[in-house]
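Trainee: Sequential numbering from 1 applies to the sequence shown in UniProt numbering. To start, I am sharing the structure in question, which I have written as structure tokens.
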Amino acid sequence: IVLQNCMDTNEPDSDGLTPLMHAAAGGHEEVVGLLLSHGARLGDRDNRRRSVLHWAVLTYREAVLRLLLKHAATDDPLLIDAYDESGCSPLHAAIDSGFEIGVSILMEFGVNI
Numbered sequence: 001i002v003l004q005n006c007m008d009t010n011e012p013d014s015d016g017l018t019p020l021m022h023a024a025a026g027g028h029e030e031v032v033g034l035l036l037s038h039g040a041r042l043g044d045r046d047n048r049r050r051s052v053l054h055w056a057v058l059t060y061r062e063a064v065l066r067l068l069l070k071h072a073a074t075d076d077p078l079l080i081d082a083y084d085e086s087g088c089s090p091l092h093a094a095i096d097s098g099f100e101i102g103v104s105i106l107m108e109f110g111v112n113i
């Protein structure tokens with residue numbers, strides 16, 4: 001609907017979450033890919049300075065996390081180590097939430113340890 005109506009794919013809601021963040025948190029891999037192909041920005045942050053990678057990790061979205069990291073590797077390589085307002089990186093979030101496969105995926109893509 002967003003794309004059909006030519007809406008801004010980067011327009012945040014009142015919490016600062018973009019459509020890409022919502023799609024990532026919901027585990028909608030195809031929608032994430034579609035949004036990225038239509039110019040959704042990886043580097044946007046919500047009101048708590050969380051990135052789309054934070055949202056993929058916090059909601060245990062393995063396939064989405066891989067897809068985002070593949071895009072980030074070329075489009076925004078520093079995103080993997082980005083901190084939110086509490087000083088938490090996606091790696092910290094994965095460890096804190098017990099998302100072991102997320103930790104492994106982040107390490108596979110070169111997260112700073």
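Idealized CB from N, CA, C, for every residue including glycine.
#1: Return the chain-ordered list of same chain residues with a C-beta closer than 7 Å to the C-beta of Phe99, the five sequence neighbours on each side being excluded.
#2: By how many angstroms is the C-alpha of Ser86 removed from the C-alpha of Cys66?
#3: Is it right to say His54 is buried, meaning 16 or more other beta carbons lie within 10 angstroms of its own, or is it exposed?
#4: Starting from Pro77, follow the alpha helix (DSSP H) in both directions and report where the run begins and ends.
#5: I'd like to check one pair, Thr18 with Asp44: are the Cβ atoms closer than 8 Å?
#6: From what residue to what residue does the alpha helix (DSSP H) around Gly33 run?
#7: Which residues in the same chain as Leu91 place their Cβ atom closer than 6 Å to its Cβ, once the five residues preceding and following it in sequence are excluded?
#8: With a Cβ-Cβ cutoff of 8 Å, do Leu78 and Leu42 count as a contact?
Mentor: According to the data block:
#1: Within the sequence shown, the letter at position 99 stands for residue 99. Cβ within range, chain order: Val57, Tyr60.
#2: If you number the sequence shown from 1, residue 66 lands on position 66. If you number the sequence shown from 1, residue 86 lands on position 86. The identity of residue 66 in the sequence shown is Arg, whereas the question assumes Cys. Distance between the alpha carbons of Arg66 and Ser86: 24 Å.
#3: In the sequence shown, the residue the question calls residue 54 occupies position 54. Result: buried.
#4: Along the sequence shown, read from residue 1 onward, the residue named residue 77 stands at position 77. It is not in any alpha helix (DSSP H) - Pro77 carries neither H nor E in the DSSP assignment.
#5: Here residue 44 refers to the residue found at position 44 of the sequence shown. Here residue 18 refers to the residue found at position 18 of the sequence shown. Yes; because the gap between Cβ atoms is below 8 Å, this pair is in contact.
#6: Numbered from its first residue, the sequence shown carries residue 33 at position 33. In the DSSP assignment, Gly33 falls within the unbroken alpha helix (DSSP H) covering 29 to 37.
#7: Translated into the one-based positions of the sequence shown, residue 91 becomes position 91. Excluding residues up to 5 positions away in sequence, Leu106, Val111 lie with their Cβ nearer than 6 Å to the Cβ of Leu91 in the same chain.
#8: In the sequence shown, the residue the question calls residue 78 occupies position 78. In the sequence shown, the residue the question calls residue 42 occupies position 42. At the C-beta level, Leu78 and Leu42 stay beyond 8 Å of one another.
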